[in-house]
Amino acid sequence: MKMVFKSGNRSAAYLFFGAVFLIEPVVEIWFPIELFRLPFLYSIIGVFVWIYWHYRDKNSELNISWIDILLFVLIIYNIADIWNYDFFVKLSVGVVIYLLAKKAADESKVAYVLTASGCLQFFLILMQFCDCIPSNHSLFRLTGSFENPGPLGGFMAVSLIATLSNNKYSNKRLKMLCVVFLIIGVFLSNSRAAWLAVLIASLYMVMQFMSVRFRIQVILVLLLMIFAGVFSLTLYKTKSAKGRIEIWKVCCVMITDSPLTGKGVGSFQREYMNYQSHYIQQNHSLSQNKLLGNNKYAFNEYLHIACEQGFIGLLIILIILILLYQKYIGQSSVLFPCFIAFFVFSSFSYPGDVFLLYSAFALLLGALSVNVCPIRICNLAKVNCCLCLIGGVLVGLLGYKWMNREGMEREFNRFLYGDDYKGADYISQHYSSVKNSADFIFRYAYTLYLKGEYELALPIMKQAIFLYPTTDKYCDLGNIYKSLGNLEFAEKTYKKAIELLPHFIYPRYCLFLLYKENGKQDVTGQVAQDILDMVPKKDNEEIREIKAIVGSYLRNN
């Protein structure tokens with residue numbers, strides 16, 4: 127009876143994992159407006175599964191490891207920023223997946239979940255290739271359920287390694303079919319980071335099979351990474367590689383300002399563009415500056431951690447990685463090669479900002495952390511009440527935040543589609559609950575701006591800029607000032623947009639229109655000539671139209 131009960135618990139956990147990794151891609155493609163609900167739903171369901179398991183399984187034992195302690199320290203260290211800057215729900219999803227993966231740890235079954243989700247992504251990109259469903263990015267045809275092909279490649283790389291390393295398949299033909307699907311998916315993603323992740327993880331599996339010494343493993347991996355770096359910088363997608371190097375330089379400047387403690391969780395998105403603007407002003411190489419744009423990603427998760435949490439946070443992460451390596455080096459593990467693939471991909475991308483990749487990390491870490499440097503084992507009968515109380519408080523907080531967000535989204539849609547200003551009044555009254563949600567704040571500010579509610583839009587757009595400054599938002603803010611008749615602030619705001627990215631044409635065009643509409647012919651002509659002299663990073667219809675308007679002005683004046 128006890129074995130049946132445990133099996134039932136594990137089945138519930140794997141059903142939960144399947145829901146996370148199979149439902150989210152479908153919702154992302156067909157029901158994107160519902161996406162905000164999924165993290166709340168997953169967190170609450172996951173907590174209930176966890177509470178039920180602990181409450182019923184009274185004779186079980188609770189294993190606490192050094193990894194658990196380190197993660198707890200990291201969360202407490204950042205708890206204020208996690209709560210204040212709208213990361214609480216995202217953290218809850220990660221913690222619930224981690225805890226359930228620890229409890230139901232069966233590496234082969236976890237690998238099945240990753241394989242199934244990776245194959246689902248393959249069928250999504252196949253449908254995009256056949257134009258049955260749209261891509262999530264205007265510049266890329268194949269993105270799966272992700273916003274661009276980079277994260278798609280990373281996720282499929284982890285899924286591919288999970289499939290290759292899993293030897294529990296009873297049907298070998300099915301396994302080979304999945305491998306073929308995932309290889310095609312990784313190749314079509316056109317992601318160098320994903321290709322490198324697959325190569326290094328596969329090399330690790332081969333070296334483990336051949337019992338290659340640790341020193342030789344390190345040398346081979348370093349040589350492969352050096353080759354990949356040279357290949358990227360000289361032969362394939364060189365501008366992208368050089369652009370990431372420029373971003374990493376800016377990240378290093380950020381780290382030097384607060385090396386020990388960092389600037390807090392979520393600070394990278396708020397601070398990076400200002401640091402990049404300063405870097406551009408110090409570096410007058412136009413060819414290098416053109417590689418940069420509006421950006422909120424470090425393209426290296428370890429630099430991202432160092433920027434936000436300093437060397438203290440980075441040290442905690444490195445200790446966790448070392449503990450895992452010491453535990454699994456030389457052992458036969460299905461998931462540790464997946465973790466290596468994730469580790470490599472994280473060196474060139476931003477998996478922490480992508481829901482499925484972030485969830486995959488929590489799943490892998492939870493499954494692998496079982497019995498890694500155990501500290502003590504507690505009888506659950508003594509701590510069940512405490513655990514259930516913590517779970518109940520967590521469900522209450524999640525429910526409270528979910529109801530708040532549901533109300534805000536409902537009233538926003540009421541205002542957006544029905545022009546019902548009671549919706550705007552409701553949002554104003556409950557503004558404090560969403561003021562640090564960058565996505566919602568910008569959508570609301572832009573809607574107010576489009577509806578001509580400039581007085582209402584002004585403080586909201588400023589908050590959107592605080593959360594994530596971009597040239598487009600500064601231009602929108604300048605347009606709001608212009609519409610309110612505050613021409614001095616409009617001019618300053620447009621110049622700030624130009625300062626952020628001097629090689630972007632649109633902020634100068636906004637300044638050109640401001641001067642032209644106010645009869646400042648001397649400066650109007652100068653700005654117009656600057657626009658004509660600029661060589662855009664990417665030519666498109668909008669830029670050609672702007673240059674035509676500016677050229678016509680110069681010919682007639």
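Numbering (this note's numbering), first residue to last: 127 to 683. Ideal placement from N, C-alpha and C gives every residue a C-beta, glycine not left out.
The bridge partners DSSP lists for Asn-409 come to none. Residue Ile-177 holds the alpha-carbon nearest to the alpha-carbon of Cys-514 among Thr-619, Ile-177, Phe-142, Ile-193.
Leu-593 and Arg-396 have their C-alpha atoms spaced approximately 5 Å apart. For Asn-605, the three-state secondary structure derived from DSSP is helix. Boundaries of the alpha helix (DSSP H) around Lys-548: 547-555.
Straight-line measurement puts the Cα of Asp-212 at about 9 Å from the Cα of Ser-559. Residue pairing by DSSP places His-404 opposite no residue, since no beta bridge is assigned to it.
Here the segment 425-436 makes no contact with the segment 642-658; the two share fewer than three CB pairs at distances below 8 Å. Three or more pairs of CB atoms, one per stretch, sit closer than 8 Å, so the segment 386-403 contacts the segment 434-443. Around Leu-640, the same chain offers Gly-604, Lys-608, Leu-613, Ala-616, Glu-617, Tyr-620 as residues with beta carbons nearer than 8 Å, after the five sequence neighbours per side are excluded. For Pro-277, the uninterrupted alpha helix (DSSP H) run begins and ends at 275-291, by DSSP. Non-local beta-carbon contacts of Asn-400 in its own chain, meaning distances under 7 Å to residues more than five positions away in sequence, involve Pro-595 in chain order.
By the 16-neighbour rule on beta-carbons within 10 angstroms, His-410 is exposed.
Taking a contact to require three or more Cβ pairs closer than 8 Å, the segment 479-495 and the segment 223-240 qualify as touching. By the criterion of a C-beta distance shorter than 7 Å, Leu-449 is surrounded in its chain by Trp-192, Ile-193, Val-498, Cys-499, once the five residues flanking it on both sides are discounted. Pairwise C-beta distances place the segment 580-593 out of contact with the segment 362-382, as fewer than three of them are shorter than 8 Å. Under the three-state reduction of DSSP, His-263 is assigned to strand.
For Phe-481, the closest C-alpha among the options Val-153, Leu-141, Ala-138 is that of Val-153. Of Ile-431, Ile-170, Lys-375, the smallest CA-CA separation from Asn-415 is found for Lys-375. Taking 8 Å as the cut-off, the beta carbon of Phe-142 is found no closer than this to the beta carbon of Ile-170. With a cutoff of 8 Å on beta-carbon distance, Phe-147 and Ser-243 are scored as near each other. Of the other Cβ atoms in all chains shown, 16 or more fall within 10 Å of the Cβ of Lys-599; this residue is therefore buried. In this structure, Val-173 lies away from Gly-525, with their beta-carbon atoms at least 8 Å apart. Around the beta carbon of Glu-160, fewer than 16 other beta carbons lie within 10 angstroms, which makes this residue exposed. With respect to the 8 Å criterion, Phe-281 and Ala-486 are classified as neighbours on the basis of their beta carbons.
Sequence-distant Cβ neighbours of Pro-275 in its own chain, meaning closer than 7 Å and more than five residues away, are Phe-266, Leu-268, Thr-269, Ser-315, Asn-316, Ser-317. The beta carbons of Val-239 and Tyr-140 sit closer together than 8 Å.
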